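Residue numbers (this note's numbering), protein chains in the order written: chain A, 541 to 1015; chain B, 2 to 106.
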């Protein structure tokens, strides 16, 4: 028997191996060396990321349940880099606060298994694989949200996440049963979606489950609470990696499987995008806690992603992937700074950042770049991401929506500048004192800054994404 | 296939079950009862899969497989939720929804 075709699952196999290795290391390594396990985990994941960048053949496994294309391979690498940055940023927190509670390794195991679920979700070729990937990516994060078991807020956010995730996946499954009833198969390639009433209802319920994961407007209520209670690294994982992957999957499914329902879901996306942008932006204005603030800003960003989905062609797909990539770097930058400061001082409110530029100029510059990129101010990458999304929507004639999108960018600029004002213009008697971050945190923040600066300028990347996103429409 | 019972009757029951679950999820004040409501939803989905498979597409077993996976995942979900609830109980000695209201808006 020839097992070489299983190499198509290289990402998944290596990640599973890392997971098992971490478990073994947790058992073998002695009490006083536990601190080194954090470095070990980050190093292992860095190797995994490097291997993941090697080219991979296209192919199908398990009778069509698992598909890998250049596009999914590329996106998995984006997720890998995102998680690597996240691990670098949270290494200090793990070493200083968590190792003493004997559960630093768990963090790696849970993050790895959640990432594994995202891989399967991205590569899924049928609804069974999709569902298992979805659950595998959600459940470990719920455990992670309740990670600081001595804090009530953390447990609270964990229970809120798991209960609403269970409801969302139940609803989405009910939708899948309806589509199964009308189309007779669970394989994406064999399903024939026709616009019958039952299929449309099924699609709506299915969409609700996925929209929960991306935290689109009517399904976003868990977001702010969970982000506030969970440890910052987990909030950052939820808002960057898990949301990005879910948005990617939503795009693939809409553009391929649900293409016959296009006339219906385009209207749906229109409405949801409007609602999401407004709710995210308007609620973000009144937040004081930076985690809640970033939660609502990430809801608004998800609304912008939907603009790209309205253009069902290569342009739309490219802009969505490109925007998600930029979003990963900018949001990780913002969360990284929040984490660095919270690690040192435990402060998480916008007012605490008063006068930060005088004491910690480098950190506040990183924050400035990240927020500008999220807001979409010209020299940084976020601007290009937004303008391409708007171009995609405008190319289909949605001028009104693009106009409303620009209005929302303006609102967003207002509240991002609130933070910038606190850091640069305000003075404070008890500003956060100067501190030096460790090298891992520095490296993590440097990569995000490079990403924010380079991705916007380096056009071959955009062209490469444009080329490979052609694959979506081939089959 | 059950003699004398059509697919409509079974689907009506599962749909009712689903919406009872949704209703319970929204109205219950106790975290454990909310968890039970979620179980109702997942069970209705599992029955749905089996019934649709059996009545409409009996030549392939996709739906039946799916229901087995749903049951397994539901068990994992419940275990995790219960463990979080127990942790919450240790902190605030309550499993009421009211105990989880420190973060709002």
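Even for Gly, the Cβ is constructed at its ideal location relative to N, Cα and C.
Since this is a predicted model, take the numbers as computed values, not measurements.
In the three-state reduction of the DSSP assignment, residue 969 (chain A) falls in the coil class.
Beta-bridge partners of residue 666 (chain A) (DSSP): A:727. Under the three-state reduction of DSSP output, residue 97 (chain B) falls in the strand class. Secondary structure of residue 600 (chain A) (DSSP, three-state): strand.
The beta-carbon of residue 103 (chain B) is placed less than 8 Å from the nearest beta-carbon of chain A.
At a cut-off of 8 Å between C-beta atoms, residue 819 (chain A) does not count as an interface residue with respect to chain B. Sequence-distant partners of residue 29 (chain B) (beyond 5 residues in either direction) whose C-beta falls short of 7 Å from its own C-beta, in its chain, are 35, 38. Of A:1012, A:997, A:875, the smallest CA-CA separation from residue 623 (chain A) is found for A:875. CA-CA distance, residue 921 (chain A) to residue 913 (chain A), rounds to 6 Å. Burial state of residue 630 (chain A) is buried, judged by a 10 Å Cβ sphere holding 16 or more other Cβ atoms. Sequence-distant partners of residue 1001 (chain A) (beyond 5 residues in either direction) whose C-beta falls short of 7 Å from its own C-beta, in its chain, are 995. In its chain, beyond the 5 residues on either side, 715, 718, 719 have a beta carbon closer than 6 Å to the beta carbon of residue 742 (chain A). Put simply, the CB of residue 824 (chain A) is far from chain B, with every gap to its CB atoms at 8 Å or more. Between residue 95 (chain B) and residue 89 (chain B), the alpha-carbon positions lie close to 7 Å from each other. Between residue 605 (chain A) and residue 649 (chain A), the CB-CB gap reaches or exceeds 8 Å.
Within chain A, not a single residue places a beta-carbon under 8 Å from that of residue 31 (chain B); the smallest gap is close to 12 Å.
For residue 755 (chain A), the nearest beta carbon of chain B is not closer than 8 Å to its own beta carbon. At least one C-beta of chain B is nearer than 8 Å to the C-beta of residue 720 (chain A).
Within chain A, the C-beta atoms nearer than 9 Å to that of residue 77 (chain B) come from 675, 679, in chain order. Not one beta carbon of chain B lies nearer than 8 Å to the beta carbon of residue 729 (chain A). Put simply, of A:951, A:767, A:878, A:953 the residue whose alpha carbon is nearest the alpha carbon of residue 681 (chain A) is A:767.
Between the region 806-819 of chain A and the region 841-849 of chain A, the count of C-beta pairs closer than 8 Å reaches three or more; the two stretches touch. Residue 984 (chain A) is not a Cβ neighbour of residue 651 (chain A), given a cutoff of 8 Å.
Residues of chain A with a Cβ closer than 7 Å to the Cβ of residue 64 (chain B) are, in chain order, 720. Using a C-beta cut-off of 8 Å, the region 853-867 of chain A makes contact with the region 781-798 of chain A, since at least three inter-stretch Cβ pairs fall below that distance. Contacts with chain A (Cβ-Cβ distance below 7 Å) from the region 80-102 of chain B involve 81, 82, 85, 86, 88, 89, 92, 93, 101, listed in chain order.
The alpha-carbon separation between residue 103 (chain B) and residue 667 (chain A) amounts to approximately 37 Å. Within the same chain, and ignoring the five residues on either side of residue 870 (chain A) in sequence, the residues whose Cβ sits closer than 6 Å to its Cβ are 910, 913, 914, 922, 992. In the assembly as shown, residue 7 (chain B) is an exposed residue. Its beta-carbon has fewer than 16 other beta-carbons within 10 Å. When DSSP states are grouped into helix, strand and coil, residue 732 (chain A) belongs to the coil group.
Residue 784 (chain A) sits buried, since 16 or more C-beta atoms from the chains shown fall within 10 Å of its C-beta. Boundaries cannot be given for residue 1013 (chain A), as no beta strand (DSSP E) includes it and DSSP labels it neither H nor E. Residue 764 (chain A) and residue 838 (chain A) have their C-alpha atoms roughly 10 Å apart. The CB of residue 46 (chain B) comes closer than 7 Å to the CB of 710, 713, 714, 717 in chain A, given here in chain order. Rounded to the nearest whole angstrom, the C-alpha separation of residue 5 (chain B) and residue 656 (chain A) is 46 Å. In the pairwise beta carbon analysis, the region 847-856 of chain A is classified as not touching the region 892-905 of chain A: fewer than three pairs are separated by under 8 Å.
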